[in-house]
Amino acid sequence: MANKFRVAVGRGKCCRSCFGFVLRNLLMVLLALGAAVGFLIGALVNKPVQGIVSPEKRATTVMLIGFPGELLMNMLKVIILPLIVASLITAVSQLDSRSTGRIGRRALIIYLTTTLSAVILGMILVSSIRPGKNEEAEGSAAKPNPYRNLDSFLDLIRENWSFTSNLCGSVVALVSSAKKTQYRTDPGKYEVYNVSSKNPMSLGKNEEIIHTMIYNATINITTVSKEIYPSSNTIPIGVGTNPSGGMNILGLAVFSIVFGIVLGRMRAKANPLKKFFSALNDAVMILVTLIMWYAPIGICSLIAQRVASMVDIGGELRRLALFIATVLAGLSIHAFIILPLIFFAVRKTNPFIFMYGMKDALMTAFGISSSAATLPTTIRCIEQNNKVDPRISKFVLPLGATVNMDGTALYEAVAAIFIAQLNNYDLSAGKFIAICVTATAIAIGAAGIPSAGAVTTIVVLQAVSLPLDDIGLILAVDWFMDRFRTTVNVLGDSIVAGVVEHLSRDDLKNHDDCIRSTDEIFPPCNRDEPKEPDEIAITTRM
Numbered sequence: 252m253a254n255k256f257r258v259a260v261g262r263g264k265c266c267r268s269c270f271g272f273v274l275r276n277l278l279m280v281l282l283a284l285g286a287a288v289g290f291l292i293g294a295l296v297n298k299p300v301q302g303i304v305s306p307e308k309r310a311t312t313v314m315l316i317g318f319p320g321e322l323l324m325n326m327l328k329v330i331i332l333p334l335i336v337a338s339l340i341t342a343v344s345q346l347d348s349r350s351t352g353r354i355g356r357r358a359l360i361i362y363l364t365t366t367l368s369a370v371i372l373g374m375i376l377v378s379s380i381r382p383g384k385n386e387e388a389e390g391s392a393a394k395p396n397p398y399r400n401l402d403s404f405l406d407l408i409r410e411n412w413s414f415t416s417n418l419c420g421s422v423v424a425l426v427s428s429a430k431k432t433q434y435r436t437d438p439g440k441y442e443v444y445n446v447s448s449k450n451p452m453s454l455g456k457n458e459e460i461i462h463t464m465i466y467n468a469t470i471n472i473t474t475v476s477k478e479i480y481p482s483s484n485t486i487p488i489g490v491g492t493n494p495s496g497g498m499n500i501l502g503l504a505v506f507s508i509v510f511g512i513v514l515g516r517m518r519a520k521a522n523p524l525k526k527f528f529s530a531l532n533d534a535v536m537i538l539v540t541l542i543m544w545y546a547p548i549g550i551c552s553l554i555a556q557r558v559a560s561m562v563d564i565g566g567e568l569r570r571l572a573l574f575i576a577t578v579l580a581g582l583s584i585h586a587f588i589i590l591p592l593i594f595f596a597v598r599k600t601n602p603f604i605f606m607y608g609m610k611d612a613l614m615t616a617f618g619i620s621s622s623a624a625t626l627p628t629t630i631r632c633i634e635q636n637n638k639v640d641p642r643i644s645k646f647v648l649p650l651g652a653t654v655n656m657d658g659t660a661l662y663e664a665v666a667a668i669f670i671a672q673l674n675n676y677d678l679s680a681g682k683f684i685a686i687c688v689t690a691t692a693i694a695i696g697a698a699g700i701p702s703a704g705a706v707t708t709i710v711v712l713q714a715v716s717l718p719l720d721d722i723g724l725i726l727a728v729d730w731f732m733d734r735f736r737t738t739v740n741v742l743g744d745s746i747v748a749g750v751v752e753h754l755s756r757d758d759l760k761n762h763d764d765c766i767r768s769t770d771e772i773f774p775p776c777n778r779d780e781p782k783e784p785d786e787i788a789i790t791t792r793m
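Structure (structure tokens):
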């Protein structure tokens with residue numbers, strides 16, 4: 252009896268422990284359930300959806316499945332601009348220009364190091380595993396490179412690494428882009444056949460007589476057209492995008508950093524603006540918390556839509572199974588070995604506890620496949636769970652969301668060499684170096700939006716004169732791989748923020764001491780700075 256009582260008590264404690272874990276991590280559990288349910292729903296409805304004969308009805312069904320996810324993406328896109336501007340200006344204005352420069356240099360050097368290590372790792376794996384070696388190249392040969400590498404790099408700088416040419420235009424692009432459904436036309440499908448009869452035939456449903464010929468004055472040979480599905484001019488193909496490319500996130504980041512430095516040097520005069528941006532940042536973070544409770548539904552919808560729209564789930568995955576395995580192996584090694592080693596080497600603490608604190612952000616990144624849209628959740632997790640100084644998180648994370656794409660860089664390198672293997676293209680040492688440099692540079696300039704890696708991979712292929720014909724093979728599973736790439740990107744941003752905070756602790760301490768000693772809200776750390784003319788005049792009169 253006593254044993255039964257102890258077993259019952261033990262089970263009760265286990266249930267309470269599990270229930271407590273779920274309550275403490277309710278959002279993470281809901282996000283995981285949303286992703287799992289999305290895969291399940293997509294797999295279950297895939298066959299019925301693909302069985303719909305009418306292209307318009309099939310496309311409309313897929314669109315409706317993904318509509319809740321589209322709403323989530325729009326919610327997150329709306330707050331990207333105020334979040335980046337407010338967080339960067341708030342963080343940078345609270346630091347003196349010398350501290351900002353040191354912290355920025357540390358962050359950029361570590362970001363570049365992690366990205367370069369990801370590219371090298373991917374190149375080693377794809378060259379060792381050779382996922383494209385068993386495929387036959389049928390009439391495919393390397394084509395001349397129609398673009399110069401110099402032009403590609405200059406275009407990258409023009410589009411991203413400069414001030415945005417129209418700040419208001421970025422707001423308009425953010426609000427107005429991707430709002431209208433785009434359509435394609437379809438002529439319809441018809442089955443034509445001949446019918447021979449002595450008597451006039453009766454037409455069935457959706458049948459129409461095209462031509463009738465009388466043979467031997469007794470037999471009617473009738474050509475009948477049966478409509479399988481009608482023609483349509485309103486087959487949804489997705490939402491329209493801004494032809495100019497949308498919001499220049501990196502340009503906004505550069506503008507916000509410089510603007511924050513200027514505010515920091517203005518001292519007390521800039522206090523009203525500093526308080527405004529600080530309040531704006533707090534308000535945006537509250538909005539983020541509200542949006543995240545809708546995220547499980549949106550994530551479920553996005554994944555279900557992708558899976559339901561695949562023509563042959565198993566076939567497409569089998570064709571590229573080794574390529575997928577190579578990319579996933581590289582991402583796993585980078586996420587669970589290289590990044591934790593960097594974190595441990597600097598902070599001498601358990602990196603996996605830090606990574607566990609980012610669980611909500613990582614689940615969100617996997618679900619929505621956008622490091623920029625995940626940025627609000629990333630900032631919330633790293634500040635609330637891992638207690639990283641807000642001055643570091645609000646400066647380093649927005650910067651990382653635009654320049655640090657470890658997963659994307661690894662994917663681009665693997666994809667380029669995979670396509671070279673498909674076409675029996677022998678890559679020289681110079682080509683490997685070109686892939687390494689180009690993948691690193693393009694990943695730094697890639698926008699933190701869904702499937703940005705698929706677009707920038709084309710630039711890497713052009714840089715080494717590889718054919719673009721086979722890129723459709725990897726684009727078939729890019730939606731799936733993009734979620735893992737984005738998760739690694741967000742993890743890399745978080746790890747670097749934690750490392751930079753540890754390396755910058757002396758700068759932060761000196762800045763805090765400066766604030767306490769001068770009794771100003773946002774002073775520059777220079778106690779010997781000359782007084783304002785008004786202050787000098789007052790002192791003289793006294």
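Offset between the sequence shown (1-based) and this note's numbering: plus 251. Ideal placement from N, C-alpha and C gives every residue a C-beta, glycine not left out. Quantities reported herein were computed from a predicted structural model and do not represent experimental measurements.
When the distance is taken between beta carbons, is residue 686 closer than 8 Å to residue 639? The answer is no: Cβ separation not under 8 Å.
Secondary structure of residue 319, DSSP reduced to three states: The DSSP-derived three-state label of residue 319 is helix.
Have a look at 271, 303, 648 and flag the residue whose alpha-carbon is nearest the alpha-carbon of residue 562. Out of 271, 303, 648, 303 has the C-alpha closest to the C-alpha of residue 562.
Once the 5 residues before and after residue 666 are set aside, which same chain residues still bring their CB inside 6 Å of it? The residues are 708, 725.
Quick check on residue 730: does DSSP put it in helix, strand or coil? The answer is helix: DSSP assigns residue 730 an H, G or I state.
Can you give me the Cβ contacts of residue 389 inside the same chain, cut-off strictly under 6 Å, excluding the 5 residues immediately before and after it? Low per-residue confidence applies at residue 389: pLDDT is 44, beneath 50, and the placement is therefore not dependable, though the value from the model is reported in the following sentence. If we look at residue 389 and ignore the five residues flanking it on each side, it has no Cβ neighbours.
Any idea what DSSP makes of residue 563, helix, strand or coil? Coil.
Secondary structure at residue 625, three-state DSSP: helix, strand or coil? Note: residue 625 maps to helix in three-state DSSP.
Check for me: the alpha helix (DSSP H) holding residue 290 runs from which residue to which? 277–301 is the extent of the alpha helix (DSSP H) around residue 290.
Could you check how far apart the C-beta atoms of residue 737 and residue 616 are, in whole angstroms? I think they sit under 8 Å. Yes, they are in contact, since the Cβ atoms of residue 737 and residue 616 sit about 5 Å apart, within 8 Å.
Within its chain, find whatever has a CB closer than 6 Å to the CB of residue 319; leave out the 5 residues flanking it on each side and keep chain order. Cβ neighbours of residue 319 beyond the five flanking positions: 548, 549, 552.
For residue 640, name the three-state secondary structure that DSSP assigns. DSSP places residue 640 outside both helix and strand once states are collapsed to three, so it counts as coil.
At what residues does the alpha helix (DSSP H) containing residue 581 begin and finish? If you look at residue 581, you'll find it in the alpha helix (DSSP H) that goes 572–584.
Using 8 Å as the threshold, is the region 527–539 in touch with the region 335–345, meaning 3 or more CB pairs across them? The region 527–539, when compared against the region 335–345, does touch it at the 8 Å Cβ threshold.
With DSSP run on the structure shown, which of helix, strand or coil describes residue 495? Per-residue confidence for residue 495 stands at a pLDDT of 43, beneath the threshold of 50, marking its modelled position as unreliable; no derived number is given.
Measure the C-alpha to C-alpha separation of residue 354 and residue 732 and round it to an integer number of angstroms. Approximately 32 Å, taken between the alpha carbons.
Contact check, residue 747 vs residue 358 under 8 Å by CB: the rounded distance? Indeed, because the Cβ distance is near 6 Å, the residues count as touching under 8 Å.
Contact check, residue 753 vs residue 598, beta carbons under 8 Å: The beta carbons of residue 753 and residue 598 sit closer together than 8 Å.
Considering only the beta carbon of each residue, do residue 573 and residue 735 sit closer than 8 Å? No, the Cβ-Cβ distance between residue 573 and residue 735 is not below 8 Å.
Around the C-beta of residue 635, are 16 or more other C-beta atoms found within 10 angstroms, so that it is buried, or is it exposed? Burial call: exposed.
Exposed or buried, what is residue 632 when buried is set at 16 or more other beta-carbons lying within 10 Å of its beta-carbon? So residue 632 ends up on the buried side.
Proximity below 8 Å, CB of residue 671 to CB of residue 690: Judged by their CB atoms, residue 671 and residue 690 are not nearer to each other than the 8 Å cut-off.
Starting from residue 519 and walking both ways along the alpha helix (DSSP H), at which residues does that stretch end? Note, residue 519: premise wrong, no alpha helix (DSSP H); not H, not E.
Contact belief for residue 630 with residue 610 at Cβ below 8 Å, rounded distance in angstroms: Taking C-beta atoms under 8 Å as the contact rule, residue 630 and residue 610 fail to qualify, at a distance of about 15 Å.
Residue 381, DSSP secondary structure in three states: Annotated three-state conformation of residue 381 is coil, per DSSP.
Drop a sphere of 10 angstroms on the beta-carbon of residue 601, count the other beta-carbons inside from all chains shown, and report buried for 16 or more, exposed for fewer. Exposed.
Is it right to say residue 554 is buried, meaning 16 or more other beta carbons lie within 10 angstroms of its own, or is it exposed? Result: buried.
What's the call for residue 657, buried or exposed, on a 16-neighbour Cβ count within 10 Å? By the Cβ-count criterion, residue 657 is buried, with 16 or more other Cβ atoms from all chains shown falling within 10 Å of its own Cβ.
Residue 330 beta carbon less than 8 Å from that of residue 649: No, Cβ-Cβ distance for residue 649 and residue 330 is not below 8 Å.
Confirm, please, whether the CB-CB distance from residue 741 to residue 577 is below 8 Å. No; because the gap between Cβ atoms is not below 8 Å, this pair is not in contact.
Cβ pair count under 8 Å reaching 3, the region 587–596 against the region 500–520: Contact annotation: the region 587–596 does not touch the region 500–520, with fewer than three C-beta pairs closer than 8 Å.
Hey, residue 743 and residue 581: beta-carbon distance below 8 Å or not? No; because the gap between Cβ atoms is not below 8 Å, this pair is not in contact.
Check whether residue 313 and residue 559 have beta carbons under 8 Å apart: Taking 8 Å as the cut-off, the Cβ atoms of residue 313 and residue 559 count as close.
Report yes if the C-beta distance between residue 668 and residue 378 is below 8 Å; otherwise report no. When the beta-carbon positions are compared, residue 668 and residue 378 come within less than 8 Å of each other.
Tell me which residues share the same chain as residue 589 and place their Cβ nearer than 8 Å to its Cβ, disregarding the 5 neighbours each side in the sequence. Here the set comprises 365, 368, 369, 372.
Going by other Cβ atoms of all chains shown within 10 Å of its Cβ, with 16 needed for buried, is residue 763 buried or exposed? With fewer than 16 Cβ atoms within 10 Å of its Cβ, residue 763 is classed as exposed.
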